[in-house]
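Student:
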Amino acid sequence: MHRFANPARFLKIANAVLPWVAGLSVVCFAAGLYLGLIASPPDYQQGDTVRIMYIHVPAAWMSMFTYSTMAVAAAAALVWKHPLAEVYAKAAAPLGAGFTALCLLTGSLWGAPMWGTWWVWDARLTSVLVLFFLYLGYMALVDAFDDPARGNKAGNILLLVGAVNVPIIKFSVEWWNTLHQPASVFRLGGPTIAASMLWPLLLLAVAFQSYFFAVVILRIRAGLAARRVQTLRLGQAG
Amino acid sequence: MLRLILRDLRLVLRQGSDATAALMFFVLCVVLFPFGVGPEPNVLTRIAPGVLLIAALLAALLSMERLFQGDFEDGSLELLLLSPLPAEGVAVAKVAAHWLVTGVPLMLVAPLLALLLRMPVDQLGLLVGTLALVTPLLSLIGAVGAALTLGARRSGVLLPLLVLPLYIPVLIFAAAGLDAGLSGLSPRPHLLLLGGMLCGALVLAPLAIAAALRAAHE
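Protein sequence lines, in the order shown, are assigned to chains E and F.
To convert, take the position in the first sequence, counting from 1, and add 177; that gives the working numbering.
To convert, take the position in the second sequence, counting from 1, and add 26; that gives the working numbering.
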């Protein structure tokens with residue numbers, strides 16, 4: 178990991194990877210959306226509304242993935258003062274907030290026809306809402322200091338404190354009796370979801386993931402450039 | 027550490043303003059509700075636990091901003107961090123003092139207010155017990171936010187944004203416990219969960235507070 182702490186080396190690798198993940202994202206989005214929205218069968222109970230799942234579930238996975246990696250990056254930044262970790266956490270935060278908002282929004286749209294309500298205060302929904310607020314709080318905190326280093330450090334501590342929420346989200350459907358269904362893909366004994374639905378779901382999960390990597394690389398590049406600009410400016414002023 | 031707690035207590039006794047302001051806020055906040063929703067006894071009994079808990083939460087938040095701010099501005103916080111006492115010890119002492127001056131009075135006033143909201147008398151013990159678990163949790167979690175926002179530009183607005191989402195689990199289980207008591211069920215599981223959260227926060231929050239305090243002084 179420390180090999181990539183050098184921003185120049187990281188950028189060389191990232192620039193080489195970028196077109197591939199961007200391409201993979203486009204291909205998987207096209208294939209996954211076609212399979213999911215047109216070619217896959219409607220659910221025997223839910224009819225066509227089940228297609229919301231192909232967006233909702235990958236967005237939910239990504240919201241958790243993004244927060245977990247941000248928390249790991251925050252730990253790396255605090256423990257080893259890894260210079261890229263902070264840039265990563267800062268670059269990933271708006272994406273994670275976006276995924277969480279998408280997850281809440283599609284979930285609400287799916288809940289309206291299926292559960293007969295836009296929103297219920299059950300454990301899964303509430304904990305995801307808290308996750309959304311954690312993202313917003315992190316972004317507000319990082320921006321609130323005149324000294325960016327101090328903002329990053331405070332943000333990192335907040336990320337670690339908020340990491341308590343991640344296992345709560347994951348297991349909320351098992352610990353409490355919720356209206357939200359329990360996990361049906363990542364479970365002991367294999368997925369309980371039909372193969373014709375699992376494939377487009379996995380394709381779209383890959384699409385979301387590679388989209389995330391492509392945008393995060395772009396944002397890290399922008400973050401590093403901004404830092405350089407600031408150092409140059411300071412050098413000129415002094 | 028004890029000396030630090032005593033110092034904070036003495037400061038509060040001599041100035042007095044912050045702690046009494048938080049307490050007055052708590053009382054007024056609760057008193058407003060009967061005017062807002064109407065004085066029907068059934069409605070008031072039903073909403074009493076929620077009203078008391080939310081008012082307590084906001085009162086804790088109100089006094090939280092000043093927790094480290096004064097010491098940060100006049101430099102005594104820096105001296106405390108330089109002292110042989112570890113930063114975690116400073117954090118525990120500050121939180122303990124905050125709880126003693128805001129949490130404990132709040133706990134003592136709450137039963138009176140609960141009577142105003144027509145809570146049955148036999149539930150008052152449960153209310154005080156729940157608050158005894160809730161108020162230290164509020165102080166611990168809030169102090170993390172207060173330490174993180176030290177020296178921030180909009181710390182007054184930022185603090186609630188950071189801390190309120192973290193208060194949600196506390197509110198959920200405390201309200202569930204009180205509601206269970208009101209409807210004749212056992213509040214024990216909810217109180218046990220709250221106790222577990224308190225144990226966890228007692229260990230983890232001082233670490234986070236200390237890290238945030240050190241970050242504020244780099």
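Glycine included, each C-beta is placed from N, C-alpha and C at the ideal position.
Owing to the predicted nature of the structure, the values given are computational and were not obtained by experimental measurement.
Rounded to whole angstroms, what's the CA-CA distance from serine 304 of chain E to alanine 340 of chain E? Just pull it up for me.
Tutor: Taking the straight line from one Cα to the other gives about 12 Å.
Student: For arginine 72 of chain F, would you say it is in contact with chain E, using Cβ-to-Cβ distances shorter than 8 Å as the test?
Tutor: Not an interface residue.
Student: If you compare alpha carbons, which of E/Trp352, E/His259 and E/Ala208 is closest to leucine 378 of chain E?
Tutor: Among E/Trp352, E/His259 and E/Ala208, the Cα nearest to that of leucine 378 of chain E belongs to E/Ala208.
Student: Any residues in the region 177–191 of chain F with a beta carbon nearer than 8 Å to a beta carbon of chain E? Which ones, in chain order?
Tutor: Hits within the stretch, in order: Gly177, Ala178, Arg179, Arg180, Ser181, Leu184, Leu187, Leu188, Leu190 and Pro191.
Student: So is leucine 228 of chain F in contact with chain E if we call contact Cβ pairs under 8 Å?
Tutor: False, the Cβ-Cβ gap to chain E never drops below 8 Å.
Student: Might you give, ordered along the chain, the residues of its own chain that have their beta carbon closer than 6 Å to the beta carbon of alanine 254 of chain E, omitting 5 neighbours on each side?
Tutor: The residues are Ala262, Glu263 and Asn333.
Student: From what residue to what residue does the alpha helix (DSSP H) around tyrosine 221 of chain E run?
Tutor: Per DSSP, tyrosine 221 of chain E belongs to no alpha helix (DSSP H) and is neither H nor E.
Student: Apart from the five residues on each side of it in sequence, which residues of its chain come closer than 7 Å, Cβ to Cβ, to aspartate 220 of chain E?
Tutor: The residues are Val227.
Student: Does the beta-carbon distance from alanine 172 of chain F to threonine 128 of chain F come in below 8 Å?
Tutor: The answer is no: Cβ separation not under 8 Å.
Student: Just by C-beta distance, which residues in the region 100–130 of chain F are closer than 9 Å to chain E?
Tutor: Answer set for the region 100–130 of chain F: empty.
Student: Can you list, in chain order, the residues of its chain whose CB lies under 7 Å from that of glycine 314 of chain E, leaving out five sequence neighbours each side?
Tutor: Here the set comprises Leu335.
Student: Nearest to alanine 268 of chain E by alpha carbon, out of E/Ala250, E/Gly284, E/Ala321 and E/Lys258?
Tutor: Among E/Ala250, E/Gly284, E/Ala321 and E/Lys258, the Cα nearest to that of alanine 268 of chain E belongs to E/Ala250.
Student: Would you be able to state if there are at least three C-beta pairs under 8 Å between the region 33–48 of chain F and the region 192–212 of chain E?
Tutor: Short answer: they don't touch.
Student: Helix, strand or coil for methionine 145 of chain F, going by three-state DSSP, please let me know.
Tutor: Coil.
Student: Take every Cβ of the region 68–79 of chain F, pair it with every Cβ of the region 101–120 of chain F, and state whether three or more of those distances are shorter than 8 Å.
Tutor: No, because fewer than three Cβ pairs between the region 68–79 of chain F and the region 101–120 of chain F fall closer than 8 Å, the two stretches do not touch.
Student: Who are the Cβ neighbours of alanine 237 of chain E in its own chain at under 6 Å, not counting the five residues just before and after it?
Tutor: Once the five neighbours on either side are set aside, the close Cβ partners of alanine 237 of chain E are Cys280.
Student: Taking the alpha helix (DSSP H) that isoleucine 229 of chain E belongs to, which residues open and close that run?
Tutor: Taken as a continuous stretch (DSSP letters only), isoleucine 229 of chain E belongs to no alpha helix (DSSP H), as it is neither H nor E.
Student: Within 10 angstroms of the Cβ of aspartate 97 of chain F, are there 16 or more other Cβ atoms? Answer buried if so, exposed if not.
Tutor: Aspartate 97 of chain F comes out buried.
Student: Do you know whose CA, among E/Leu302, E/Ala360 and E/Ala216, lies nearest isoleucine 194 of chain F's CA?
Tutor: When only C-alpha atoms are compared, the closest one is E/Leu302.
Student: So, helix, strand or coil for glycine 101 of chain F, using DSSP?
Tutor: DSSP places glycine 101 of chain F in coil when its eight states are reduced to three.
Student: Which runs of the beta strand (DSSP E) at least 3 residues long sit entirely within the region 63–90 of chain F? Give them in chain order.
Tutor: Listed in chain order, nothing qualifies, since the region 63–90 of chain F has no complete beta strand (DSSP E) run of 3 or more residues.
Student: Could you tell me the distance, in whole angstroms, from the CA atom of proline 110 of chain F to the CA atom of leucine 187 of chain F?
Tutor: The alpha-carbon atoms of proline 110 of chain F and leucine 187 of chain F are separated by roughly 34 Å.
Student: Quick one: is methionine 239 of chain E buried, meaning 16 or more other Cβ sit within 10 Å of its Cβ, or exposed?
Tutor: It is buried - the Cβ of methionine 239 of chain E has at least 16 other Cβ atoms within 10 Å.
Student: Mapping the DSSP letters down to three states, classify glycine 293 of chain E as helix, strand or coil.
Tutor: Glycine 293 of chain E: coil per DSSP, three-state reduction.
Student: Could you name the residues of the same chain whose beta carbon sits closer than 6 Å to that of alanine 191 of chain E, not counting the 5 residues immediately before and after it, in chain order?
Tutor: Here the set comprises Ile394.
Student: By the three-class DSSP mapping on this structure, what secondary structure does asparagine 329 of chain E have?
Tutor: Correct three-state label for asparagine 329 of chain E: helix.
Student: Have a look at F/Pro112, F/Val183, F/Ser209 and F/Ala201 and flag the residue whose alpha-carbon is nearest the alpha-carbon of leucine 233 of chain F.
Tutor: Checking every option, the nearest Cα to that of leucine 233 of chain F belongs to F/Pro112.
Student: With burial defined as no fewer than 16 other Cβ atoms inside 10 Å of the residue's Cβ, what is the status of tyrosine 211 of chain E: buried or exposed?
Tutor: Per the 10 Å Cβ criterion, exposed.
Student: Hey, out of F/Arg180, F/Gly207 and F/Gly177, whose CA is closest to valine 147 of chain F's CA?
Tutor: Of F/Arg180, F/Gly207 and F/Gly177, the residue nearest in Cα terms is F/Gly207.
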